[in-house]
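**Q** Protein chains in written order, with this note's numbering: chain A, 154 to 589; chain B, 154 to 589.
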């Protein structure tokens, strides 16, 4: 075992970068991320960090030979929580038992680095306050956008601005599927199958596809960037499975492609937030993100738009974020202090963005359909911009698209509800915002 | 005058974010950036920061009414250096007198925030060491890429990676000119004139166009990201004026456009560095940067490529970077400690990148030219990839392009030198790397 002295992480005690002390590190969870953290600590060792414990269930099957013999492998969480480790890396995911163990760790004088977006989105504020009062660090740079250091940028690098919006592509699985549908003109189901075959989608991809994963990350971005509390459950989430191959063809006609876009903006003491498929210009930074990449765009009153992009998932990129946080914690730099003093405000949350819209109808063709749709939209005060119709589809199941001038999404929803019982509709209309 | 207590910025004394102390701030230079810093401090006040002094020559002509009456306006630098200000913001630019005044400020117990890329590129290491030993902060986030917080990202956000390369578009004037030439098919001279009319280029744009400006920023990125000392004078700089409108047409034929690319990579204890026009794929993040925007791409062993883009110049974006640094300094966070303990190494510097190349010849046409060129290249061991020739040019002054498989730029230069006396050349051949 190491003979390194225990590093005392006492609040307000600034530990200079030159400190020769080494922080003792435990990893909870030896899946993709936990294993990658261990790899970097083993193959690119940092004198400030020493791996001392690895916790996982069924640990003997996980044990690898390339870590130091001094590392203790255990499936007993108390053996870690009661040890002399200084910093715990939590890569378990999910709310429980992660939350309980993180609380215990903080109360027992350990700092915590986590990659757990659900934990931070739902319990981040309480855990940050607990960490602050315990005099420990809580860092979670890996919880959003993997290896892209966007939380640090929002919190410190753009601290001099007044941020009014954050948006981005936060889910690599959805982006892989949509960019494959765009490039190869395949169906949603085929693109999903391909993503699963290549390991870009999990066996159960529901939390990726329904927007839950991105909504958790958006909540963290809003808390840090906009200093606004945003519950993932308050955020409108439209599943990406509503996108069909034909939508890419129509989108291209107006110079756009389709991405799962997560966005939150502050406007007069209200937070507008949504996670949904959206049309974005082919030339935009959102359209240029392919495969499993992520991007976050911060919009500031003074600095305009600043974009951060890179690998949003994967073992090594996420491990880079974890190790950057480990170095920060070993040096006594903390997000916990920050969040404790920038308590996110509880603004009213709305999903009622005003934007141009794209609406796809699939109809059994007969005269008068456009007139009926136009009347319903007009009744809602909504102006039609263009009607797009590609040839080569059967009259019994004819898709066409109506693009609309800017209107609130709730007004559009109401107009479409009024059309819902129309006999010509083969399926309910699908609508996406157009983000120029 | 303020009755705020003087903030003591003593090294190793961690000042929590909750500190109610207010740092007293002086601005040196009331040009675009200095004025924008004053604007944000006045219109979006931060309780941690109080503007107390503005220094400029001929100060009475600069004085504005929208700052607090408590601010002292002066053209006497000693009135600032001998005052009780805590932090000095240096926006003067150039090496002298900025260097002398920054040294004096640090020695008199003031922290310094600077936007001065030449100062940091040439004197950053010594000034950081001085700051460290004086127990003061020296921060310079505004010196590279304006409002894009890339230095912080390289230093802390990607601290867990091993960076092996940094590249980017670091000069907004060049990027404005090249992206206008691309979009509007205008000549270099016309695009430059337009940039000057719109305020995107200075009356004397030579340090932008010849690469000096970008080379200074690249040197700072290499010091922070690669921990490699790189003198701007050791970096190969090819002026962007060598690009002609016809080059965009040929570049498009191979799916590329042209950008002024600054890049530095670490390879076996050598730093490769250059600032030059280069062909980049139309789909790359470098090609997607238009107008006066900047982008920096960091390449890591573990995290792959991470990109940062936004407004690389302009008063307000640069002021955001300055104020983010002011907040960091008021909280006791420092780059000086970092650089003092990550002393950039003095690797051997080379510009001899191995890449595919684009070579434009302008010739007086006659039989045998291709044979002569091919022989000269072959003698240098260089393989031709393709020969591109657009129609519609006079035989007496015929431009055509040869693309080459990867070769060292020095080998290419030598082969072209051997061709220099050929009678068919109307002008010396122009060559750019192709960055895939």
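Every residue, glycine too, gets a C-beta built ideally from N, C-alpha and C.
1) Just to check my reading of the structure: residue 448/B and residue 322/B have Cβ atoms closer than 8 Å, yes? What is that Cβ distance to the nearest angstrom?
2) To which residues of the same chain is residue 186/B closer than 8 Å at the C-beta, ignoring the five residues directly before and after it?
3) Going by the CB atoms, is the gap between residue 510/B and residue 584/B shorter than 9 Å?
4) Verify whether the separation of the beta carbon atoms of residue 230/A and residue 178/A is less than 9 Å.
5) Tell me whether residue 254/A is buried or exposed, calling it buried when 16 or more other Cβ atoms sit within 10 Å of its Cβ.
6) Can you give me the C-alpha to C-alpha distance between residue 456/B and residue 316/B, rounded to a whole angstrom?
7) Reducing DSSP to helix, strand and coil, say where residue 179/B ends up.
8) Strictly under 9 Å for the Cβ-Cβ distance: is residue 441/A near chain B by that measure?
9) Can you find a CB in chain B that lies within less than 9 Å of the CB of residue 302/A?
10) Kindly indicate the opening and closing residues of the alpha helix (DSSP H) around residue 341/A.
11) Check residue 436/A in the structure and name its three-state DSSP category.
12) Using the Cα positions of residue 164/A and residue 497/A, report the straight-line distance between them to the nearest angstrom.
13) Using a 10 Å radius around the Cβ and a threshold of 16 neighbouring Cβ atoms, would you call residue 298/A buried or exposed?
14) Whose C-alpha, out of 579/B, 251/B and 572/B, is nearest the C-alpha of residue 669/B?
15) Do residue 326/B and residue 366/B have their C-beta atoms within less than 9 Å of each other?
16) Am I right that residue 131/B and residue 479/B are in contact with their C-beta atoms under 8 Å? What's the rounded C-beta distance?
17) Under a Cβ-count criterion, where at least 16 other Cβ atoms within 10 Å of its own Cβ denotes burial, should residue 250/A be classed as buried or exposed?
18) Give me the chain A residues within the contact set of residue 315/B, using Cβ-Cβ distance strictly less than 7 Å, ordered along the chain.
19) Would DSSP call residue 449/A helix, strand or coil?
20) Taking 8 Å as the threshold, find out whether the region 336-355 of chain A comes into contact with the region 413-421 of chain A through three or more Cβ pairs.
21) Are residue 301/B and residue 462/B closer than 9 Å when you measure CB to CB?
22) Taking 9 Å as the CB-CB cut-off, is residue 461/B touching chain A?
23) Indicate the three-state DSSP secondary structure (helix, strand or coil) for residue 174/A in the structure shown.
24) Taking residue 528/A as the reference, give the member of 398/A, 571/A and 560/A with the closest Cα.
25) List the whole-angstrom C-beta distance separating residue 194/A from residue 403/A, where the pair is believed to meet the contact cut-off of C-beta under 8 Å.
26) For residue 347/B, which residues of its own chain have a beta-carbon under 7 Å away from its beta-carbon, when the five flanking residues on both sides are left out?
27) Near residue 324/B, what residues of its chain come up, given a Cβ to Cβ distance below 7 Å and the 5 sequence neighbours on each side ignored?
28) Quick one: is residue 217/B buried, meaning 16 or more other Cβ sit within 10 Å of its Cβ, or exposed?
29) Counting only the same chain and skipping the five closest in sequence on each side, list residues whose C-beta sits under 7 Å from that of residue 303/B.
30) My output table needs one value for residue 397/A: the three-state DSSP class, helix, strand or coil.
31) Could one say the Cβ of residue 372/A lies closer than 9 Å to chain B's Cβ atoms, at least one of them?
32) Would you say residue 532/B lies against chain A (beta-carbon separation less than 9 Å)?
33) Can you give me the C-alpha to C-alpha distance between residue 394/A and residue 397/B, rounded to a whole angstrom?
34) Excluding the 5 residues preceding and the 5 following residue 567/A in the sequence, name in chain order all residues of the same chain whose CB lies nearer than 7 Å to its CB.
35) Which residues of the region 463-476 of chain B have a Cβ closer than 8 Å to any Cβ of chain A? Give them in chain order.
36) In or out: residue 196/B buried (at least 16 other Cβ within 10 Å) or exposed?
**A** So, from the listed chains and residues:
1) Cβ atoms of residue 448/B and residue 322/B come within 8 Å of each other, at about 5 Å.
2) Closer than 8 Å at Cβ, skipping near neighbours: 244, 268, 295, 468, 471, 472 and 475.
3) In this structure, residue 510/B lies closer than 9 Å to residue 584/B by Cβ.
4) Not in contact: residue 230/A and residue 178/A (Cβ atoms no closer than 9 Å).
5) That one is buried.
6) Their backbone Cα atoms lie some 9 Å apart in a straight line.
7) Residue state, collapsed to three classes: strand.
8) Taking Cβ atoms only, chain B reaches closer than 9 Å to residue 441/A, which makes this a yes.
9) Closer than 9 Å: yes.
10) Secondary structure note for residue 341/A: its alpha helix (DSSP H) is the uninterrupted segment 341-350.
11) Look at residue 436/A here: in three-state DSSP terms it is coil, with no helix or strand label.
12) With a pLDDT of 30 at residue 164/A, under the threshold of 50, the modelled position of this residue cannot be trusted; read the value that follows with caution. Across the structure, residue 164/A and residue 497/A are spaced so that their CA atoms are roughly 22 Å apart.
13) Burial call: buried.
14) Lying before the first or after the last residue shown, residue 669/B is absent from chain B, which here runs from 154 to 589.
15) Result yes, Cβ atoms of residue 326/B and residue 366/B sit closer than 9 Å.
16) Examination of residue 131/B is not possible in this model, given that chain B is present from 154 through 589 alone.
17) Burial call: exposed.
18) Scanning chain A for C-beta atoms nearer than 7 Å to the C-beta of residue 315/B yields 197, reported in chain order.
19) DSSP places residue 449/A within a strand segment (E or B) once states are collapsed to three.
20) No, because fewer than three Cβ pairs between the region 336-355 of chain A and the region 413-421 of chain A fall closer than 8 Å, the two stretches do not touch.
21) Yes; because the gap between Cβ atoms is below 9 Å, this pair is in contact.
22) Yes, because at least one Cβ of chain A sits closer than 9 Å to the Cβ of residue 461/B.
23) Reduced to three states, the DSSP call for residue 174/A is coil.
24) Taking the Cα of residue 528/A as reference, the smallest distance to any Cα among 398/A, 571/A and 560/A is reached at 571/A.
25) That pair is no contact at about 49 Å.
26) Correct list, in chain order: 333.
27) 361, 366, 367 and 413.
28) The residue in question, residue 217/B, is exposed, as its Cβ has fewer than 16 Cβ neighbours within 10 Å.
29) Apart from sequence neighbours up to five positions away, the residues of its chain that approach residue 303/B with a beta-carbon distance below 7 Å are 297, 449 and 461, ordered along the chain.
30) Of the three classes helix, strand and coil, the one that applies to residue 397/A here is coil, per DSSP.
31) No - not a single Cβ of chain B is within 9 Å of the one on residue 372/A.
32) Closer than 9 Å to the CB of residue 532/B there is not a single CB belonging to chain A.
33) Their backbone Cα atoms lie some 47 Å apart in a straight line.
34) If the five residues before and after residue 567/A are omitted, its C-beta is found closer than 7 Å to the C-beta atoms of 533, all from its own chain and listed in chain order.
35) Those residues of the region 463-476 of chain B that come within reach of chain A (Cβ to Cβ, closer than 8 Å) are 463, 464, 469, 470, 472, 473, 474, 475 and 476.
36) It is exposed - the Cβ of residue 196/B has fewer than 16 other Cβ atoms within 10 Å.
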